[in-house]
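K.L.:
Below: one structure in structure tokens.
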Amino acid sequence: METERLLIRRFMPGDAGGLFEYLSREAVVRYEPYSVFTREQAEVEAMRRAGDPNFLAVCLRDSGRLIGNLYLAPGEFDTWELGYVFHDGYQGKGYATEAARAVTDELFESGKARRIVAMCNPENTASWRILERLGMRREGHFREKVWFRKDSDGFPIWQDTYAYAILRSEWEKNRSPAQD
């Protein structure tokens, strides 16, 4: 899939170097359920993602450089879950919004999705702003829903989670010419 500035494709084993470039950065994985990656972990992860259709590589169209990834997983009742992680050097430039909009448009246009959901940490303002730019609405604020890391005493560090969603009918309304 191509957008004005991006190429969105399946991962390949050769993406390990690009994956390492962003998953080895603390600023990128801060809100993720994993810590920074080593080169070896990036190699294993690139192989795993190459075999997993739920992960999509997001590359700059003009250079092919891997700058992030999308996660799209089908669920029950025509609901899909959306997630994304981008190199911090490419954040704030609209790439994540452009990529997420392309895949959500495709899911709704193809009739595969009736509903698309996403979760994010309330402290990750940039992430939930992307979801709101996509027309998603905040459906909930779950207190201490998940933990990804432990404190120095070995106890979970609980985190809140925002839940966002958009229905196909809402997406259609947002796209109608009357809304422009």
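Just add 178 to the spot in the sequence shown (first one is 1) and you have the numbering used here. Even glycine gets a Cβ: it sits at the ideal position worked out from N, Cα and C.
1) Determine the extent of the alpha helix (DSSP H) in which Q219 is found, giving its start and end residues.
2) Rounded to whole angstroms, what is the Cα-Cα separation between D240 and M314?
3) Decide if the segment 253-261 is in contact with the segment 289-300; the criterion is three or more beta carbon pairs, one per stretch, under 8 Å apart.
4) When DSSP builds the beta bridges, which residues end up paired with N247?
5) Quick one: grab the DSSP three-state call for V295.
6) Checking the sheet assignment: what are the DSSP bridge partners for T282?
7) Touch check for the segment 342-353 and the segment 312-329: three-plus C-beta pairs under 8 Å?
8) Mind listing, in chain order, the continuous alpha helix (DSSP H) runs of no fewer than 4 residues lying wholly within the segment 313-338?
P.N.:
Checking against the coordinates, here is how it stands:
1) In the sequence shown, counting from the first residue as 1, residue 219 sits at position 41. That run of the alpha helix (DSSP H) goes 217-228.
2) The sequence position of residue 240 within the sequence shown is 62, counting from 1. The sequence position of residue 314 within the sequence shown is 136, counting from 1. The straight-line gap from Cα to Cα measures roughly 30 Å.
3) yes
4) Numbered from its first residue, the sequence shown carries residue 247 at position 69. Answer is A235, V263.
5) Here residue 295 corresponds to residue number 117 of the sequence shown, with the count starting at 1. In the structure shown, V295 sits in a strand (DSSP, three-state: E or B).
6) Translated into the one-based positions of the sequence shown, residue 282 becomes position 104. Per DSSP, none; premise fails for T282.
7) yes
8) The qualifying runs do not exist here; there are none.
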